[in-house]
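Scroll down for the structure; my scribbles are underneath it.
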Amino acid sequence: MRKKIVAGNWKMNLDLNEGAELVNEIFKGLPELSESRMVLIAPPYLHLTQTAAQLTAMDNVYLGAQNCHHEASGAYTGEVAASMLKSAEVAYVIIGHSERREYFKEDNAMLAKKVNQALSNDMQVIFCCGEPLEIRDAGTQNSYVEKQIKEGIFHLGESQLKNVVIAYEPIWAIGTGRTATSAQAQDMHAHIRSVIAAKYEQDAANKMSILYGGSCKPSNAAELFECADVDGGLIGGAALKAADFLGIIEAMVNA
Ligand code: PGA
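In this text, residue positions in the sequence shown follow our numbering: the first is 41, and each later residue adds one.
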């Protein structure tokens, strides 16, 4: 009933030639994706038009951006507006990645505006949340993540919420090789779904895809994706190698 998704976030990696080659390799090994499965590729901005052209040959593979600006247009040197992304055939925008929150000081109020920009330009949002290690060690991760979700997306109406996917990415697991256990992932995903159900209808919560991110790889993807509330993954490092990314896609197809 809800979609299983594998999304590749290339971050600030690969030049145009390397990007084109990676997408080509993914295309060659891509399994058939039914309507309940989808793959997303989120390259750097510079790649978007090139990647969009390559993706026209693939069914159920969508183009994502890693960020957008929180204003519609104007004097913001070096920035990219949501409307520009839409014109480049971007379907999904990743908003609130922990690297954006930490290195670029994006707070929940700014992220709420970015969410509005993406949705008002008819794109879907992958809204990221997740706690740092000290919060996990203190055992307060549930309330920490709940606050991120409340302040980032709870201003949306239920019809808008349909266009939001949540990605739970514990910061201590991103790029560290230390994956959350499937029990830790399932606990948090069930919590996130209950937070959504308490604010919106249970049906809206049931329909929302919630992705796990943080050192996901072919060897642990199947176990994570088997969890009842884990609907796929947001993949960083392993999205840069076709064989690894395809291995994770395979796990999602079989889940
Ligand atoms: P990772 O990154 O897979 O390299 O841990 C995940 C992410 O930041 O989206």
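Don't be surprised by glycine CBs; every beta carbon is placed ideally from N, CA and C.
In this text the structure is predicted, and so the values were computed from the model without any measurement.
Item: Opening and closing residue of the beta strand (DSSP E) in which K44 lies; Value: 44 to 49
Item: DSSP-derived helix/strand/coil call for A93; Value: helix
Item: C-alpha distance - A223 paired with F67, whole-angstrom precision; Value: 33 Å
Item: Any non-hydrogen atom of the ligand PGA closer than 7 Å to C256 Cβ; Value: yes
Item: Bridge-paired residues (DSSP) for Y240; Value: In DSSP, Y240 forms no bridge with anything.
Item: C-alpha gap between D162 and G69, whole angstroms; Value: 30 Å
Item: L274 CB to nearest heavy atom of the ligand PGA below 7 Å; Value: yes
Item: Start and end residues, alpha helix (DSSP H) containing F167; Value: Note, F167: premise wrong, no alpha helix (DSSP H); beta strand (DSSP E) at 164 to 169.
Item: Same chain, Cβ closer than 6 Å to S127, five either side skipped, listed in chain order; Value: none
Item: 8 Å Cβ cutoff met for A278 and F285; Value: yes
Item: Alpha carbon of K43 to alpha carbon of S249, nearest angstrom; Value: 6 Å
Item: I206 Cβ short of 7 Å to the ligand PGA heavy atom set; Value: no
Item: The ligand PGA heavy atom lying under 7 Å from the CB of G253; Value: yes
Item: Contiguous alpha helix (DSSP H) assignments of at least 4 residues, all confined to the region 210 to 241; Value: 222 to 239
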